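In the numbering used here, the protein residues as written are -16 to 100.
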């Protein structure tokens, strides 16, 4: 992000966000792996299968939880970049040259603006 912003400004940040969002389909697909393997473990337990089967499905469930955590972090990171790019586009369009983030009114406005659809 530092290199992208240094070379292309806010356009570089927007491109970085777009690159992260472009891979979100794969991240969300991986995110769906956890509940599927968890359901497989529940089905194995309800069907009365041997305990070794449940042990295997628990390993798969752990892998699914890890991939879900990675996917969520990726989604949060791309959302942060998109919000930064949108804020940068707003400041350019509104010709705002200085933003004091420590000003309580500005900070409150940023929070309310982030909550609006």
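The beta carbon of each residue, even a glycine, is placed where N, CA and C say it ideally should be.
Since we're looking at a predicted model, the values are computed, not measured.
My assumption, with CB atoms under 8 Å, is that residue i sits in contact with residue j. Please give the rounded CB distance.
i: residue 43; j: residue -4; result: Actually they do not touch by this definition, with Cβ atoms about 37 Å apart.
i: residue 9; j: residue 75; result: That belief does not hold up - the Cβ atoms of residue 9 and residue 75 are roughly 32 Å apart, past 8 Å.
i: residue 50; j: residue 14; result: 7 Å
i: residue 27; j: residue 12; result: Actually they are not in contact, since the Cβ atoms of residue 27 and residue 12 sit about 23 Å apart, beyond 8 Å.
i: residue 47; j: residue 96; result: In fact, because the Cβ distance is near 36 Å, the residues do not count as touching under 8 Å.
i: residue -9; j: residue -15; result: At roughly 12 Å, the Cβ-Cβ gap does not stay under 8 Å, so residue -9 and residue -15 are not in contact.
Start and end of the alpha helix (DSSP H) containing residue i?
i: residue 22; result: 16 to 29
i: residue 76; result: 34 to 76
i: residue 1; result: -7 to 5
i: residue 85; result: Counting along the chain, residue 85 falls outside any alpha helix (DSSP H), and DSSP gives it neither H nor E.
Buried or exposed, going by whether 16 or more other CB atoms sit within 10 Å of the CB of residue i?
i: residue 92; result: exposed
i: residue 25; result: exposed
i: residue 20; result: buried
i: residue 57; result: buried
i: residue 64; result: buried
i: residue 0; result: buried
i: residue 61; result: buried
i: residue 2; result: exposed
i: residue 54; result: buried
Does any residue of chain D bring its CB to less than 7 Å from the CB of residue i?
i: residue 38; result: Absent here is chain D; the protein component of the structure consists of one chain.
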